[in-house]
Structure formats: structure tokens, C-alpha cells
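Number of protein chains: 2
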Amino acid sequence: MNIGQAAKHSGLSAKMIRHYEAIGLIAPAGRGANGYRHYTEADLQRLAFIRRSRDLGFSLAEVGRLLGLWENSQRTSAEVKALACAHIEALERRIDELASLRDTLRNLVDHCRGDERPDCPIIRELETGGQRTDRCPS
Amino acid sequence: MNIGQAAKHSGLSAKMIRHYEAIGLIAPAGRGANGYRHYTEADLQRLAFIRRSRDLGFSLAEVGRLLGLWENSQRTSAEVKALACAHIEALERRIDELASLRDTLRNLVDHCRGDERPDCPIIRELETGGQRTDRCPS
DNA sequence: CTTGACCTTGCCCGGGGGGCAAGCTTGACA
DNA sequence: TGTCAAGCTTGCCCCCCGGGCAAGGTCAAG
């Protein structure tokens, strides 16, 4: 099977498959006499594994570790769980950051009339960094 | 004021200030006879505006639009509000995506014993894409 | 044989920076 | 006055995770 077919089956792009090979995430694919890469069933499984790992938000480095665990029959489920838990924690940190931004913005937006006048608390906040300039800086 | 001082005052790095100039986000800074960039109070305000916009998660493209609105006395607060609302919506979409990943992972992690044995539902999920292989595929 | 689809490599682009190098200028101190 | 460290200049490469395009080779069907 050539790279295009492998891409379709795995849901990755041919470009990504080549890239993963270039960065060493997967072993170099076998080549035919014409120089074309060809992929076995086992290769397809690896690609699908990568695709699903990426879909769960793992970075390529994490995917590499997951692949290592997958192919290591000596692995412990504790190792896998630890990797997944670390990723969950990273996701939660990121979610909290974004939620905090959202809340700040929501607050500003709620105080903006949104009419045809130029005066706007959002712009004021960006100007002043949240200092109160509206009443007597004295 | 030179770029290093401007960087300190704005909380940006000198590198980023040069970058913003290079991509046209800010107008080229004035230069002294020695070729050094120098920054006025107005420049510092612009840099601080950018910094706060970035802190709120706006992309550089959005920051560009915000700068345009800021410096346009003909702006309407409705325009600013629309930009901020669009950003809030993007944040919420992103948060939902990440939360969905987190929930999926949490579910998998909760079913993983995390002991010294290799058997692991997380790895199984990545292998099979969620197909039930545990009972009679018949 | 031609045509079109597919494959190969290589390069540039994005966002949003970090880091380092080589060379100039500036300011402080001996 | 010389010297030396900071600071500034530009330029280049790096990270992640790809997209897109170009030039050229290959394959299969008509």
C-alpha cells in the first residue's frame, strides 16, 4: 500500500506521515523499487494509533512515549495511566487559563454598551491596564 | 528611550517589539543617529496596549484590529464589543474542545487499574479506536 | 502514446516567539 | 584616555504542527 492509501485509511495526510517519519516518530517505511513508500497492516495500525493519540490532544512527544509503551510488552498500566493523567492535568491548566480570559472579557463586554458611540470600557481597559481613571485620580 | 527600556516598561521583550515592527503591527520606531530605535510615551502606550491585548488572548491579527479601533476616534463601541465577543466565542469553542478531550481521557483513566500489569484500557482505546473487542466480536 | 493521478524531494508560509552570533555604540570606571 | 561590560543592530536557526506549492519521476487506463 502506498502513502496515499495509508493516509486515507489512517485519517492522516501523506505529508504528516512523511513528517512523522522524518522526525523519527515512526520507523522509515519500506520502499519499493520505484522509491515509493509502502505500508503494511502493522504500519497502518501504528498510524491509526498516532492519529487517535493526536485526536486526544497528546503532543507528538507524548505520542512517541505512548507508542513506546504500546510496543513494549513489559509496560505497566501505571506508566500509561501516569502519562494520561499528566495530560489531563495539562488540559485542565489550559482550560482554566482560557476560562479566566473568557471571564475577564465577559466582564468587560457586559459593561460595554455596544452602540454607535466611541466610548468603550474594553478599549479603556486595554489602554490603562485596569486603572480607574473615571473618578478623580487626584 | 531605547528598545530595552521600552521592553521593560511594556513587559514585552525587545525581540517581540522588533518583530511587531517587522510584521507591521506597529509603525517603524524612530531612529537616532546611531541607528538605535527610540520610543516616545505614545509608543510606550501602544506597546502596553498590545501587551494587555495579548494577555487577554487576542491574536496578533486581532490586536491589529483593536489598535485600529483604539486610534480611530470615529470607532463605535459596537465594533469593539463585536471583536471581543467573537474572541469570547472562540475561547469557549476551544474550552469545550479541551474539556471534551479531558472527559474522554478521564473516562479512560478511571477504568485503568494503574498497576504493574501491562493490560490497559487507555492503550486499548488508542489501538482500536473504541471498538469493543472485549466481548465476542462474533 | 498520452493523460492524469500519484509519488518523490525540497522549499516557504503561518503563529509567536526563544536563542545565538557578529559587529557597532554607549556609558562608567580606572 | 583606554578599557570593558552592557546594550543595540541585523541575521540566522530552532520549537510545534502542519499547509501549500514546485519540479520531477512513475504508474495505469484509454
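Those protein sequence lines, which keep their order, are chains H and A. Everything in the first sequence is counted per UniProt numbering, starting at 1 for the first residue and increasing by one. Everything in the second sequence is counted per UniProt numbering, starting at 1 for the first residue and increasing by one. Built from N, CA and C at the ideal position, the CB exists for glycine as well.
Within 9 Å of any Cβ in chain H, is that where the Cβ of residue i sits?
i, result
"Thr40/A", "no"
"Glu116/A", "yes"
"Lys81/A", "yes"
"Ala61/A", "no"
"Asp119/A", "yes"
"Leu101/A", "yes"
"Leu47/A", "no"
"Ile122/A", "yes"
"Leu105/A", "yes"
"residue 142/A", "Summary: the structure shown does not reach residue 142/A, with chain A confined to residues 1 through 138, and so no result is reported for it."
"Gln131/A", "no"
"Arg75/A", "yes"
"Arg52/A", "yes"
"residue 156/A", "A query on residue 156/A cannot be resolved here, the shown segment of chain A reaching from 1 to 138 and no further."
Grab me the residues of residue i's own chain with a C-beta within less than 7 Å of its C-beta, minus the 5 sequence neighbours each way, in chain order.
i, result
"Glu125/A", "Leu108"
"Ala29/A", "Glu21, Arg37, His38, Tyr39, Asp43"
"Phe58/A", "Leu66, His87"
Can you grab the Cα-Cα spacing for the pair residue i / residue j, in whole Å?
i, j, result
"Leu25/H", "Ala14/H", "15 Å"
"Ile122/H", "Leu56/A", "11 Å"
"Leu60/A", "Arg54/A", "7 Å"
"His9/A", "Asp115/H", "34 Å"
"Ser73/A", "Ile23/A", "24 Å"
"Arg65/A", "Arg94/H", "25 Å"
"Ala7/A", "Ile17/A", "7 Å"
"Gly4/A", "Leu101/H", "28 Å"
"Tyr20/H", "Cys85/H", "25 Å"
"Asp96/A", "Arg51/A", "26 Å"
"Arg113/H", "Ser77/A", "7 Å"
"Arg106/A", "Asn34/A", "59 Å"
"Ala99/H", "Glu89/A", "11 Å"
"Leu67/A", "Val63/H", "40 Å"
"Pro137/A", "Gln131/A", "For Pro137/A, the predicted model reports a pLDDT of 47, less than 50, meaning its position is unreliable and no value from the coordinates is stated."
"Leu91/H", "Glu41/H", "32 Å"
"Thr128/A", "Arg31/H", "27 Å"
"Arg117/A", "Glu71/H", "14 Å"
"Gln45/H", "Asp103/A", "25 Å"
Please return the same chain residues whose Cβ sits closer than 8 Å to the Cβ of residue i, not counting the five positions on each side in sequence.
i, result
"Asn2/A", "Tyr36, Arg37, His38, Tyr39"
"Leu69/A", "Arg75, Glu79, Val80, Leu83"
"Ala27/H", "Glu21"
"Gly11/H", "Ala48, Arg51"
Can you find a CB in chain A that lies within less than 9 Å of the CB of residue i?
i, result
"Ala7/H", "no"
"residue 142/H", "Any property of residue 142/H remains undetermined from this structure, which presents chain H solely from 1 to 138."
"residue 139/H", "Nothing about residue 139/H can be read from this structure; chain H reaches only from 1 to 138."
"Ile95/H", "yes"
"Leu25/H", "no"
"Ile17/H", "no"
"Arg113/H", "yes"
With DSSP collapsed to three states, give me the class of residue i.
i, result
"His38/H", "strand"
"Leu31/A", "According to the sequence shown, residue 31/A is Arg rather than Leu. Here Arg31/A sits in strand by DSSP."
"Glu116/A", "coil"
"Leu60/A", "helix"
"Met16/H", "helix"
"Thr104/H", "helix"
"Thr76/H", "coil"
"Leu68/H", "Note on residue identity: the sequence assigns Gly, not Leu, to residue 68/H. Helix, per DSSP."
"Gln131/A", "coil"
"Ile122/H", "helix"
"His111/H", "coil"
"Ile26/A", "coil"
"Gly4/A", "helix"
If you drop the 5 nearest sequence neighbours on each side, which residues of the same chain put their C-beta closer than 6 Å to that of residue i?
i, result
"His111/H", "Pro121"
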